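Protein chains in written order, with our numbering: chain A, 1 to 127; chain B, 128 to 254.
Reviewing the structure listed below.
Protein chains: 2
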Amino acid sequence: MFIQIEPELDIPIYAQLVSQLIEAIARGNLTGGDSLPSVRSLAADLGMNMHTVNKAYHELERKEIIRIVPKSGAIINSLPQDGISGNHLERISKEIKPIIAEAIVLGMETKDINKLVTTIISTIKGE
Amino acid sequence: MFIQIEPELDIPIYAQLVSQLIEAIARGNLTGGDSLPSVRSLAADLGMNMHTVNKAYHELERKEIIRIVPKSGAIINSLPQDGISGNHLERISKEIKPIIAEAIVLGMETKDINKLVTTIISTIKGE
DNA sequence: CGTTTGTTCTATACTATATAGAACAATTCT
DNA sequence: AGAATTGTTCTATATAGTATAGAACAAACG
């Protein structure tokens, strides 16, 4: 599995797992309709507890990125054909706003930020 | 003061304060060389504890956005004339990457993300 | 000189994170 | 049908993070 967890970071490992799974989907390594590993097997692979993986899965479900079928497994949601929903756009806006403000404070111009974003998108899709 | 804290959110109030102060600087409400209120007076204004404000200030110092002069006060750093530093750029990249990945997973294209970013920059600077 | 400043210390309370193990019932596979 | 696997639920424990409270200190400020 394409997942690297670093317990020594000050980001909780369940949150790291959430981000890594999202990035795996973004880069096309996992796609709509695919199943995620069971919480037990992924926990064993990553050397962490079953409940920690379960927490990460439920966070992904809360974000409407996967759906969890009780006693069966977790499946990645397919994209709606009519683009991002209003709720999702609002959530992304709330998440990204403080970081953009920080970038401005550190001296970045609009064009610098747009360039950085474009570079990061390429990085994600190309990794 | 241009600060709104919402204790019922699941974001720690010290972290909310950090973000709000960064946004106040980004929008030009506070600028390089300006002093921040003392931890005691801002804590009284916001109805929170002195130590919580102190924690937020030290987080801003860790980000190199302010400097704290012991027994004196906190001053907002001025921008270096030669643009954002490598360290800062790397930090912004690490912070923004998981959110961009989430945006991709939710169906946003590169142009959608760049448009959103541009809109948010206008929102921040205009508020 | 008196006030204000950030700092440091002890203390308490609550929440969040992470692990552990067991048991359950539904689903899945053979 | 039977066995294995699944997510769920429960109790328990340990550690770290968040938030408040109050007191005391020495340096800086007016």
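Heads up, the beta-carbon is just placed ideally off N, CA and C, and yes, glycines get one too.
Computed from a predicted structure; not experimentally measured.
Asked, Found
"Once DSSP output is grouped into helix, strand and coil, what is the label at residue 126 (chain A)?", "helix"
"Starting from residue 39 (chain A), follow its DSSP beta bridges and name the residues at the other end.", "The partner list for residue 39 (chain A) (beta bridge, DSSP) is empty, contrary to what the question assumes."
"Give the range of the beta strand (DSSP E) segment to which residue 203 (chain B) is assigned.", "200-203"
"What residues in its chain sit with their C-beta under 6 Å from that of residue 166 (chain B), if we drop five residues either side in the sequence?", "177, 180 and 181"
"Which residue wins for smallest C-alpha separation from residue 48 (chain A), given the options A:118, A:13 and A:82?", "A:13"
"Measuring CB atoms only, is the segment 242-252 of chain B touching the segment 89-106 of chain A, in the sense that at least three cross pairs come out at less than 8 Å?", "yes"
"Alpha carbons only, please: which of A:124, A:104, A:82 and A:77 is nearest the one belonging to residue 227 (chain B)?", "A:124"
"Would you grab the beta carbon distance between residue 22 (chain A) and residue 232 (chain B) for me? Rounded to a whole angstrom, and I think it's under 8 Å.", "6 Å"
"Tell me which residues share the same chain as residue 34 (chain A) and place their Cβ nearer than 6 Å to its Cβ, disregarding the 5 neighbours each side in the sequence.", "76"
"Who does residue 196 (chain B) pair with in a DSSP beta bridge?", "B:200"
"Cutting at 6 Å between CB atoms, please list the residues of its own chain near residue 156 (chain B), excluding the five before and the five after it.", "129"
"Would you mind working out which of B:194, B:239 and B:224 sits nearest residue 159 (chain B), comparing C-alpha positions?", "B:194"
"How far does the alpha helix (DSSP H) with residue 93 (chain A) in it extend, from its first residue to its last?", "86-105"
"Between which two residues does the alpha helix (DSSP H) harbouring residue 27 (chain A) extend?", "Looking at the DSSP string, residue 27 (chain A) is not in any alpha helix (DSSP H), and its letter there is neither H nor E."
"Can you find a C-beta in chain A that's less than 8 Å from the C-beta of residue 182 (chain B)?", "no"
"Got a sec: is the Cβ-Cβ distance from residue 88 (chain A) to anything in chain B below 8 Å?", "yes"
"Mind checking whether the beta-carbon of residue 99 (chain A) lies closer than 7 Å to any heavy atom of the ligand NAD?", "Absence of the ligand NAD is noted for the structure shown, with no ligands found whatsoever."
"Would a check of beta-carbon distances place residue 95 (chain A) closer than 8 Å to chain B?", "yes"
"I need the straight-line Cα distance from residue 184 (chain B) to residue 201 (chain B), nearest angstrom please.", "8 Å"
"So with CB distances below 8 Å, who are the chain B contacts of residue 23 (chain A)?", "224, 225 and 228"
"Select from B:171, B:235, B:224 and B:225 the residue whose C-alpha is nearest the C-alpha of residue 83 (chain A).", "B:235"
"Return the CA-CA distance between residue 112 (chain A) and residue 135 (chain B), expressed in angstroms with no decimal places.", "35 Å"
"Among A:98, A:110 and A:17, which has the Cα closest to the Cα of residue 46 (chain A)?", "A:17"
"Tell me which same chain residues have a C-beta within less than 8 Å of the C-beta of residue 126 (chain A), skipping the five on either side of it?", "27"
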